[in-house]
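Just so we're aligned, residue 2 is where the sequence shown starts under this note's numbering, counting upward by one.
Ideal placement from N, C-alpha and C gives every residue a C-beta, glycine not left out.
Only one structure is covered here, and it is reproduced in the block below.
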Amino acid sequence: MNLPQLRIHLIACMEEIYPWIQHNLYTPFWRYYWNPERGGFLDCEAGSIELTPEHVTLIPGYYVFSTRAEKPFSQYYIHFNPPEPLQPIRRRIHRIPLREEWRERWEEFRRLLPEPGAAFRRAVIAESLLFEALLELPPENLTLAPSPDPRIVRARKAIAEHLGDPPDNGELAALAGLNRESFVRLFRRECGESPQQLSRRLRIEHGCKLLHYSNCSIEEIAERCGFSDRYHFTRVFSALMRCSPAVFRRLGESGYASRAENLPK
2 MNLPQLRIHL
12 IACMEEIYPW
22 IQHNLYTPFW
32 RYYWNPERGG
42 FLDCEAGSIE
52 LTPEHVTLIP
62 GYYVFSTRAE
72 KPFSQYYIHF
82 NPPEPLQPIR
92 RRIHRIPLRE
102 EWRERWEEFR
112 RLLPEPGAAF
122 RRAVIAESLL
132 FEALLELPPE
142 NLTLAPSPDP
152 RIVRARKAIA
162 EHLGDPPDNG
172 ELAALAGLNR
182 ESFVRLFRRE
192 CGESPQQLSR
202 RLRIEHGCKL
212 LHYSNCSIEE
222 IAERCGFSDR
232 YHFTRVFSAL
242 MRCSPAVFRR
252 LGESGYASRA
262 ENLPK
């Protein structure tokens, strides 16, 4: 059985973080935080949340929050995306009590950082900690939506595999073996959005990753995400992400000077 894959984009270990100033973060990826020292805070609709050594914090994608620090602290964090499509859930920050063995494994992760040959073991340690934290969430947070019609599965796969050269509805309908109007109606009923809405969202999410994890220019990112120019990319990006690509990149860079491990994307 082929199961959708969880995608990990970044694993980071940071020390002496101060200041930690990021206003109104709104990203498509989820975040895992564990702070072995006090000092960091999240501000969100639920109020102010201190990141403590006694808890792991999970923040879902598309959730607005800000960060700040009262004093320097260290942090382990992971950026990731769960598989699509998950059942719709109420987005909120999850606080999970830390197990002592989790602390020990993060300490091993840190000890292995100077060893180039230990990269795979570090990744396995971090991924195991992420999976164990996810298993502490309410079951409904890990429930996939019902499998859509196989014709729609083929169309979704084509959209995801051609972000730089997005297929139009006619091409997708032909792939599904339907006329254009029937295909669009079926796609919207199965996925809750139109084919082109899904295409734009996935392309913008890909742009978020490139802005956050690469040094590509905005012009290059626009091209790699299938937009005619940076102005078209900026207009669509700003509508979906509530800020321009340039501001999104600055928000992701602010507050950090750290050692991080970028995983294959």
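Provide the residue(s) that pair with residue i in DSSP beta bridges, ordered along the chain.
i	result
Pro-98	His-56
Cys-226	None, per the DSSP bridge assignment.
Glu-191	Answer is none; Glu-191 lacks a bridge partner.
Ser-67	Asp-44
Ser-49	Asp-44
Leu-87	Leu-145
Phe-81	Ile-9 and Trp-31
Leu-26	Phe-66
With distances taken from CA atoms, which of the options is nearest residue i?
i	options	result
Glu-16	Trp-35, Glu-206 and Val-65	Trp-35
Tyr-64	His-95, Pro-117, Leu-131 and Asp-169	His-95
Ala-72	Arg-250, Asn-82, Gly-41 and Ser-239	Note that residue 72 corresponds to Lys in the displayed sequence, not to Ala. Per the Cα distances, Gly-41.
Cys-209	Pro-140, Asp-44, Val-185 and Tyr-27	Tyr-27
Thr-53	Pro-37, Gly-62, Ile-60 and Pro-61	Pro-37
Glu-128	Arg-201, Tyr-33, Ser-49 and Glu-116	Tyr-33
Ala-156	Pro-147, Ile-12 and Gly-171	Gly-171
His-207	Gly-165, Cys-244 and Phe-188	Gly-165
Phe-74	Cys-14, Arg-190, Gln-198 and Asp-169	Cys-14
Leu-43	Ala-70, Ala-174 and Glu-55	Ala-70
Could you tell me whether the Cβ atoms of residue i and residue j are closer together than 8 Å?
i	j	result
Ile-90	Glu-137	no
Phe-81	Ile-22	no
Pro-86	Leu-145	yes
Ile-219	Met-242	no
Leu-131	Ile-60	no
Ala-223	Phe-234	yes
Gly-253	Pro-167	no
Leu-203	Arg-225	no
Leu-199	Ile-160	yes
Ala-174	Val-57	no
Trp-31	Pro-83	yes
Cys-192	Pro-149	yes
Leu-11	Tyr-214	yes
Just the C-alpha distance for residue i and residue j, rounded to the nearest angstrom, thanks.
i	j	result
Tyr-19	Gln-76	11 Å
Pro-196	Leu-7	22 Å
Glu-51	Cys-217	34 Å
Phe-184	Asn-142	30 Å
Ser-229	Arg-236	12 Å
Trp-107	Ala-240	38 Å
Lys-158	Phe-188	13 Å
His-24	Glu-109	32 Å
Pro-117	Ile-126	15 Å
Cys-45	Glu-55	20 Å
Phe-66	Leu-179	43 Å
Arg-39	Arg-93	22 Å
Ala-120	Glu-102	20 Å
Asp-169	Ser-245	26 Å
Pro-115	Arg-250	28 Å
Glu-162	Glu-182	23 Å
Which two residues bound the contiguous alpha helix (DSSP H) that contains residue i?
i	result
Leu-199	196-214
Ile-126	120-135
Asn-180	Counting along the chain, Asn-180 falls outside any alpha helix (DSSP H), and DSSP gives it neither H nor E.
Arg-251	246-254
Lys-158	151-162
May I ask whether a heavy atom of the ligand COA can be found less than 7 Å away from the beta carbon of residue i?
i	result
Glu-194	Among the components of this structure there are no ligands whatsoever, and the ligand COA is therefore not found.
What are the boundary residues of the beta strand (DSSP E) that includes residue i?
i	result
Tyr-34	31-35
Thr-233	Note that residue 233 is His in the sequence shown here, rather than Thr. First-last for His-233: 231-242, but that is the alpha helix (DSSP H), not the beta strand (DSSP E).
Any beta-carbon of chain C closer than 8 Å to the one on residue i?
i	result
Pro-196	Chain labels in this structure do not include chain C; a single protein chain is all it has.
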